[in-house]
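Scroll down for the structure; my scribbles are underneath it.
Residue numbers (the working numbering): 67 to 191.
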């Protein structure tokens, strides 16, 4: 069994589809409510739910950017470059929500923003 945040962040912070903020908020609320007992059983802290969801999304989004870059440059599938800018946007929003991530944001965002710009210019339509 994987962590309980992974599936939710896979749906809500996806590189291929960006959901409206209101829909994300509602889905997080429902999922959190439905998993509270499981979180407590695992010794987790329900008050850390949003932060841990964002940590899972951070991990997943950084991995996705690497996968898209590999697909484009190692395998010649430039189609995947179009998904880097929205993934960087998810990461940027994630960093804005979490002050504890500011040191990482200061290091990563300049690099990722430049990468998103390059990806947008190289992406196939």
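Glycine residues also receive a C-beta, built at the ideal position from the N, C-alpha and C atoms.
So is residue 70 buried or exposed if we call it buried at 16+ other beta carbons inside 10 Å?
By the 10 Å Cβ count, residue 70 comes out buried.
Please name the residue in 181, 171, 189, 167 whose C-alpha comes closest to that of residue 117.
Comparing Cα-Cα distances from residue 117 to each of 181, 171, 189, 167, the minimum goes to 167.
So is residue 75 buried or exposed if we call it buried at 16+ other beta carbons inside 10 Å?
Buried.
At what residues does the alpha helix (DSSP H) containing residue 115 begin and finish?
Here the alpha helix (DSSP H) through residue 115 covers 115-139.
Is the Cβ-Cβ distance between residue 189 and residue 157 less than 8 Å?
Against a cut-off of 8 Å, the Cβ pair of residue 157 and residue 189 comes out as no contact.
Can you say whether residue 161 is buried or exposed, counting buried as having 16 or more other CB atoms within 10 angstroms of its CB?
Looking at its Cβ environment, which holds 16 or more other Cβ atoms inside 10 Å, residue 161 is buried.
Can you list, in chain order, the residues of its chain whose CB lies under 7 Å from that of residue 82, leaving out five sequence neighbours each side?
Answer for residue 82: 149, listed in chain order.
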